[in-house]
Structure formats: C-alpha cells, structure tokens
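Peer 1: So the protein lines, in turn, are chains B and Z.
Be aware that the first sequence starts at 2, since it is given in our numbering, and climbs by one per residue.
Be aware that the second sequence starts at 2, since it is given in our numbering, and climbs by one per residue.
Would you mind keeping the following structure in view while I ask a few things?
There are 2 protein chains.
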Amino acid sequence: MIVIGEKINGFIPKAYTAIKSHDVDYLVELARSQVRFGADYLDICTGIVPEYERETMRWLIELVQDAVDVPVAIDSPDPQVIVDMIPLARRPGFVNSVSMEKGKCETVFPAVADTDWKIIALTCNNDGIPDSAQAKYELAAKMIEDASGYGITHDRLYIDPLVGTLATRPDALADFNRTALRIRKEYPDVHIISGMSNISFGMPYRTAIAAQFLTLSMAVGADAAIMNPLSPEMRAALFATDALLGFDRGGTRYIRGCQEGLYGSVRR
Amino acid sequence: MIVIGEKINGFIPKAYTAIKSHDVDYLVELARSQVRFGADYLDICTGIVPEYERETMRWLIELVQDAVDVPVAIDSPDPQVIVDMIPLARRPGFVNSVSMEKGKCETVFPAVADTDWKIIALTCNNDGIPDSAQAKYELAAKMIEDASGYGITHDRLYIDPLVGTLATRPDALADFNRTALRIRKEYPDVHIISGMSNISFGMPYRTAIAAQFLTLSMAVGADAAIMNPLSPEMRAALFATDALLGFDRGGTRYIRGCQEGLYGSVRR
Numbered sequence: 002m003i004v005i006g007e008k009i010n011g012f013i014p015k016a017y018t019a020i021k022s023h024d025v026d027y028l029v030e031l032a033r034s035q036v037r038f039g040a041d042y043l044d045i046c047t048g049i050v051p052e053y054e055r056e057t058m059r060w061l062i063e064l065v066q067d068a069v070d071v072p073v074a075i076d077s078p079d080p081q082v083i084v085d086m087i088p089l090a091r092r093p094g095f096v097n098s099v100s101m102e103k104g105k106c107e108t109v110f111p112a113v114a115d116t117d118w119k120i121i122a123l124t125c126n127n128d129g130i131p132d133s134a135q136a137k138y139e140l141a142a143k144m145i146e147d148a149s150g151y152g153i154t155h156d157r158l159y160i161d162p163l164v165g166t167l168a169t170r171p172d173a174l175a176d177f178n179r180t181a182l183r184i185r186k187e188y189p190d191v192h193i194i195s196g197m198s199n200i201s202f203g204m205p206y207r208t209a210i211a212a213q214f215l216t217l218s219m220a221v222g223a224d225a226a227i228m229n230p231l232s233p234e235m236r237a238a239l240f241a242t243d244a245l246l247g248f249d250r251g252g253t254r255y256i257r258g259c260q261e262g263l264y265g266s267v268r269r
Numbered sequence: 002m003i004v005i006g007e008k009i010n011g012f013i014p015k016a017y018t019a020i021k022s023h024d025v026d027y028l029v030e031l032a033r034s035q036v037r038f039g040a041d042y043l044d045i046c047t048g049i050v051p052e053y054e055r056e057t058m059r060w061l062i063e064l065v066q067d068a069v070d071v072p073v074a075i076d077s078p079d080p081q082v083i084v085d086m087i088p089l090a091r092r093p094g095f096v097n098s099v100s101m102e103k104g105k106c107e108t109v110f111p112a113v114a115d116t117d118w119k120i121i122a123l124t125c126n127n128d129g130i131p132d133s134a135q136a137k138y139e140l141a142a143k144m145i146e147d148a149s150g151y152g153i154t155h156d157r158l159y160i161d162p163l164v165g166t167l168a169t170r171p172d173a174l175a176d177f178n179r180t181a182l183r184i185r186k187e188y189p190d191v192h193i194i195s196g197m198s199n200i201s202f203g204m205p206y207r208t209a210i211a212a213q214f215l216t217l218s219m220a221v222g223a224d225a226a227i228m229n230p231l232s233p234e235m236r237a238a239l240f241a242t243d244a245l246l247g248f249d250r251g252g253t254r255y256i257r258g259c260q261e262g263l264y265g266s267v268r269r
C-alpha cells in the first residue's frame with residue numbers, strides 16, 4: 002500500500018494560511034511528521050490563485066525536498082504547471098492528476114512518457130464525474146489506452162474512481178467497488194488509488210468513515226491512498242488491514258507500528 | 002447487523018471472578034452498559050466447571066433478564082445445558098452453539114425445532130476445525146440440511162466460519178471470506194456470524210485488528226457479530242461500515258451515534 006500524505010494542500014484552511022504567509026516552520030513540520038508517520042510520498046498542492054501558483058509551487062517543492070527524503074506528488078488543476086514543475090523534482094514521484102478533461106492527458110503524457118513518474122488519472126471529463134461505474138470504467142480504459150500510445154506502461158497508472166460523498170450518495174462505496182473491480186479485472190497491472198476524505202464530507206467524526214473506507218477500498222484492490230497519516234485511526238486501519246489481507250504476513254509491520262505507538266488509544 | 006455482547010463470559014478473567022464471587026453489581030453493570038452501547042443480545046457463558054455450570058447459568062440468566070430487556074445467547078459447550086436453560090428464557094434468543102461434534106445438533110435441533118430460537122452453528126466436528134474453506138462449507142451445508150429435517154428454516158441459522166488466528170495463520174481472513182461467500186451463494190437466507198476476538202489473539206492493540214475484521218466480514222455478508230460493544234473503535238467500525246455498505250442509508254444511525262458520543266476520539 003502506497004501512502005501519499007495529503008496535508009500540504011492549500012484547500013485545507015490551516016495549510017493555506019501557512020503557504021500564504023510562508024510559514025516555513027509549520028510546513029517543514031507538516032512534511033516531517035507525515036513522513037515520520039508513514040507517508041511514502043507527499044502531495045503538494047498550493048490552493049493559490051493561478052497567477053501565483055507557479056512560484057508558490059516551486060517554493061513549496063524545494064522546501065519539502067529540503068525537509069524530507071520522500072518524493073512529491075505534484076498536485077495542480079493546471080497540467081502545464083505540473084509539467085513545468087517536473088524538472089524541480091530530485092526524483093520521480095506522482096503527477097496529480099490527469100483526467101479526460103480536455104488538454105490534461107495531451108499535456109502530461111508526452112512530458113512523462115520516457116520517465117519513471119507515476120500518474121494519477123481521475124475518471125472524469127469536461128462534463129464532470131459520470132454517475133455510473135460503467136461510464137467511469139470507460140474513461141479509465143480510454144486513458145489507459147492513450148497512455149499506452151505514449152509508451153506509458155500500465156503499472157505506472159493509478160486510476161482514481163472518484164468515490165462520491167456518502168452524505169448525498171448512499172451507494173458511493175458500491176459505485177467505487179464496481180469501478181475498481183472492473184478496472185482490476187480488465188487491467189490487472191493498473192493500480193487503484195483513492196482520496197480518503199471526499200466520501201466522509203459533511204459527516205461528523207469523518208475519520209471513522211475515512212478509516213473504514215480505507216479498509217474497504219483495500220479489500221477491492223486499491224493499493225494507494227491519498228490520506229492523512231497523522232491520524233491514529235487511519236494508521237490503525239491501514240496497518241491492521243494490511244495484516245488481515247495478508248500483505249503484511251504475520252503482522253510484522255503491524256506489531257512494529259504498535260511498538261512505535263502509531264495507533265494511539267481511544268478516550269471514552 | 003445483529004450485535005451479541007460478548008462480555009459476560011467466564012473465559013474473560015474479570016468476568017470469571019465476578020461470576021464466581023456472585024458480584025451482582027459488576028455483572029448487572031456489564032449487562033446494562035453493553036445494551037446501552039448497542040448490544041441486541043447478550044451472550045451468557047459461565048466458564049465454570051461442569052459440576053456447577055447448570056446452577057451458575059440459571060442464576061446468570063435470571064440476573065441478566067432482571068437487569069436488561071434484550072434476549073440472551075445461551076453459550077455452553079454442553080448441548081444438554083443449553084437445552085435445559087431454554088425454558089428459563091423470557092423470550093427466544095440464540096443457542097450458542099451447535100457444530101458437527103457428536104451429539105450437539107441431535108440434542109439441540111429437536112429442542113428448538115418448533116420455537117423462534119436462532120441457532121449459531123460452528124463449522125467444526127470431532128476432528129476439530131478443518132483447514133480448508135471447502136471442508137468448512139461442507140460441514141455448514143450438512144448442518145443446514147440436518148436443521149431442515151427438523152423444520153428449522155434457513156433464516157434461523159447463523160453459521161460461524163470459525164476464523165483463524167492471524168498471528169499463526171496469515172490467510173485467516175481469506176479463508177473466512179471463501180467460506181462465508183460460498184455459504185451466502187448456496188444458501189442466501191442463511192446468516193453469517195463471527196466472533197471478533199479470535200482473529201486478533203496474540204497481537205498487540207487487538208481492537209484495531211478486530212475492528213477492521215468486523216468491517217471486512219460485513220463486506221462479505223456477515224450480518225451478526227459476537228463482539229465487545231463497550232469498545233468505541235468497534236462501535237465506530239460497525240456504524241461507519243453500516244453506512245458505507247448502504248444498510249444505514251444516508252448515515253442516519255451513524256450520525257445519531259456521533260451525537261450520542263458512541264465513538265470517542267483518539268488520544269495521540
């Protein structure tokens with residue numbers, strides 16, 4: 002399971018304030034703590050108005066790379082910003098993201114074709130997110146085939162089935178499962194990734210929903226998550242499920258996590 | 002999802018001490034708190050040497066029924082003890098349990114045939130617990146057919162696939178899933194139940210393993226659990242998963258649980 006730490010994101014109010022005011026101490030600690038608690042990659046999203054996005058992103062990428070030793074996920078709605086940031090990265094990470102929105106794949110695929118960058122691909126297009134798992138699958142299949150045209154192998158692609166919000170869509174999980182299982186079946190080497198926050202939007206104690214969604218997504222083959230590694234509940238779900246699904250055989254890593262105090266204990 | 006509270010069990014040291022010393026206050030509170038936190042039934046297991054099991058069980062059943070208003074699960078390794086306790090119950094609950102061990106089904110099935118009692122049936126026999134899901138399924142199928150011979154309908158049967166211990170059997174969950182899915186497929190009206198404690202035996206912070214197993218068991222169709230309702234982690238997993246799987250549409254019950262403070266928050 003690959004963990005992409007989600008906390009350096011300008012759409013989170015505290016992070017936005019820190020990014021805007023160039024609060025280096027706060028951001029360095031946000032980078033270090035996520036890595037300390039298990040992030041394999043760190044997402045970098047400025048959330049800053051387009052005019053300043055490029056310079057802010059450049060500054061953030063350098064800052065994070067000076068602070069920690071994990072690769073970054075370059076996260077921008079603007080594919081040209083993503084492409085322009087790639088040379089700054091000291092080693093390949095994730096581009097976050099492409100979709101079937103006009104211009105995204107066409108801009109990003111050629112730029113990463115002959116590299117080791119991994120690609121997050123969202124199942125949406127200019128009309129938004131399709132309602133049906135079948136339509137999501139078709140968008141995924143199109144992106145996978147397009148990527149192949151550039152020589153990008155299946156194992157570098159991480160499809161995000163864009164799980165819905167449970168509060169407004171009671172079948173959000175069922176739709177995610179159908180999409181993920183179909184992609185897994187047709188393209189066994191393609192990965193499944195999901196953000197853990199969206200499904201719980203508008204619900205109280207969001208972490209409980211996110212943690213159980215993490216477990217359930219892993220059960221249908223998701224092998225990467227954009228999540229908050231600073232949450233003990235998320236870490237407990239991640240490590241326990243890894244052991245239960247047999248990836249962490251005998252629970253060696255789970256037990257080490259306990260010894261390192263990764264899971265916390267619950268207050269009544 | 003049916004929750005059977007597991008705490009009044011003489012195999013738990015604290016409960017054993019309370020049962021042995023007739024600590025009424027402790028046991029009444031154990032009954033009441035489990036019901037307050039969501040138990041639909043209360044398991045009653047004395048853990049007392051056979052000579053005194055019958056009188057202890059009788060005393061416990063009366064005590065619990067005086068304290069709370071939910072039915073009991075009569076839990077004994079001795080099928081004759083179970084059958085003898087049935088007349089004490091003020092309303093039908095669970096018999097816990099039968100298996101293909103000699104004498105169990107033959108004793109219990111005729112006694113509950115014309116009643117509304119539900120039956121927990123374990124997939125083991127005199128040789129112990131089979132290694133393979135196929136052999137477990139065959140034991141389940143035999144018990145289901147035997148029960149039908151007594152006029153016991155499928156919907157009164159709760160098959161427990163006897164999940165293994167993760168620490169010694171890394172494929173414990175996979176084996177559970179195979180058994181549960183097969184039973185669900187062949188006998189859609191038969192229920193799947195599991196104890197939540199066994200899989201985590203020998204692991205640290207057992208609750209994390211138990212909570213994620215609860216979620217994963219529900220994902221393959223388990224609709225009853227013998228569990229500790231006093232654990233906020235277990236409750237969070239139960240209610241969040243019920244919402245995610247669409248049984249609790251819109252998360253109404255999940256949200257109410259939050260308002261009632263059922264899930265707690267985690268200490269770092």
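Just so you know, even glycine gets a beta-carbon here, dropped at the ideal spot from N, CA and C.
Per DSSP, what kind of secondary structure is residue 223 of chain B in: helix, strand or coil?
Peer 2: coil
Peer 1: Using 7 Å as the limit for Cβ to Cβ distance, is residue 259 of chain Z near chain B?
Peer 2: yes
Peer 1: Can a CB atom of chain Z be found closer than 7 Å to the CB of residue 264 of chain B?
Peer 2: yes
Peer 1: Between which two residues does the beta strand (DSSP E) harbouring residue 158 of chain Z extend?
Peer 2: 158 to 161
Peer 1: Start and end of the beta strand (DSSP E) containing residue 15 of chain Z?
Peer 2: Residue 15 of chain Z -> not in any beta strand (DSSP E); alpha helix (DSSP H) instead, spanning 14 to 21.
Peer 1: Look at the Cβ atom of residue 124 of chain Z, then the Cβ atom of residue 80 of chain Z, and state whether they are nearer than 7 Å.
Peer 2: no
Peer 1: Between the C-alpha atoms of residue 85 of chain B and residue 59 of chain B, what's the straight-line distance to the nearest angstrom?
Peer 2: Per the coordinates, the alpha-carbon of residue 85 of chain B lies some 9 Å from the alpha-carbon of residue 59 of chain B.
Peer 1: Along the chain, where does the beta strand (DSSP E) containing residue 121 of chain Z start, and where does it finish?
Peer 2: 119 to 126
Peer 1: Cα-Cα, which of B:193, B:152, B:191, B:170 is closest to residue 202 of chain B?
Peer 2: Checking every option, the nearest Cα to that of residue 202 of chain B belongs to B:170.
Peer 1: Kindly list, in the order they appear in chain B, the residues whose Cβ is closer than 7 Å to that of residue 252 of chain Z.
Peer 2: 167, 168, 204
Peer 1: Use the C-beta contact count for residue 94 of chain B: other C-beta atoms within 10 angstroms, 16 or more gives buried, fewer gives exposed.
Peer 2: buried
Peer 1: Across the stretch 228 to 240 of chain B and the stretch 141 to 161 of chain Z, are there enough close Cβ pairs to call them in contact, namely three or more that are closer than 8 Å?
Peer 2: The stretch 228 to 240 of chain B vs the stretch 141 to 161 of chain Z: no contact.
Peer 1: Assuming residue 9 of chain B and residue 89 of chain B form a contact by the criterion Cβ under 8 Å, report the distance between their Cβ atoms to the nearest whole angstrom.
Peer 2: With 8 Å as the limit, residue 9 of chain B and residue 89 of chain B do not qualify as a contact, their Cβ atoms being about 15 Å apart.
Peer 1: Would you grab the beta carbon distance between residue 40 of chain B and residue 75 of chain B for me? Rounded to a whole angstrom, and I think it's under 8 Å.
Peer 2: In fact, because the Cβ distance is near 15 Å, the residues do not count as touching under 8 Å.
Peer 1: I want to see whether chain B comes within less than 7 Å of residue 196 of chain Z, judged by CB atoms only; does it?
Peer 2: With 7 Å as the cut-off, residue 196 of chain Z does not count as an interface residue toward chain B.
Peer 1: Provide the residue span of the beta strand (DSSP E) that contains residue 95 of chain B, from first to last.
Peer 2: 95 to 101
Peer 1: What does residue 213 of chain B touch in chain Z if you count any residue whose Cβ is under 7 Å from its own?
Peer 2: 216, 238, 241, 242, 245
Peer 1: Going by DSSP, what residue range makes up the beta strand (DSSP E) through residue 42 of chain B?
Peer 2: 42 to 45
Peer 1: Does the distance from the CB of residue 54 of chain Z to the CB of residue 82 of chain Z come in under 7 Å?
Peer 2: yes
Peer 1: Taking 8 Å as the cut-off, does the stretch 133 to 147 of chain B touch the stretch 111 to 119 of chain B (at least 3 CB pairs, one atom from each stretch)?
Peer 2: no
Peer 1: Check each candidate in Z:45, Z:175, Z:16 and name the one with the smallest Cα separation from residue 77 of chain Z.
Peer 2: Z:45
Peer 1: Under 8 Å by Cβ, that's how I've got residue 70 of chain B and residue 110 of chain B pegged, so tell me the actual separation to the nearest angstrom.
Peer 2: With 8 Å as the limit, residue 70 of chain B and residue 110 of chain B do not qualify as a contact, their Cβ atoms being about 28 Å apart.
Peer 1: In the stretch 168 to 182 of chain Z, which residues sit with their C-beta less than 7 Å from some C-beta in chain B, listed in chain order?
Peer 2: Listed by position, the residues of the stretch 168 to 182 of chain Z near chain B (Cβ gap below 7 Å) are 168, 171, 172, 174, 175.
Peer 1: Tell me which residues share the same chain as residue 177 of chain Z and place their Cβ nearer than 6 Å to its Cβ, disregarding the 5 neighbours each side in the sequence.
Peer 2: 162, 164
Peer 1: Can you list, in chain order, the stretches of the beta strand (DSSP E) that have 3 or more residues and sit fully within the stretch 122 to 199 of chain Z?
Peer 2: 158 to 161, 192 to 196
Peer 1: Check for me: the beta strand (DSSP E) holding residue 75 of chain Z runs from which residue to which?
Peer 2: 73 to 76
Peer 1: Round the Cβ separation of residue 192 of chain B and residue 225 of chain B to the nearest angstrom and send it over; I've been treating them as touching at under 8 Å.
Peer 2: 6 Å
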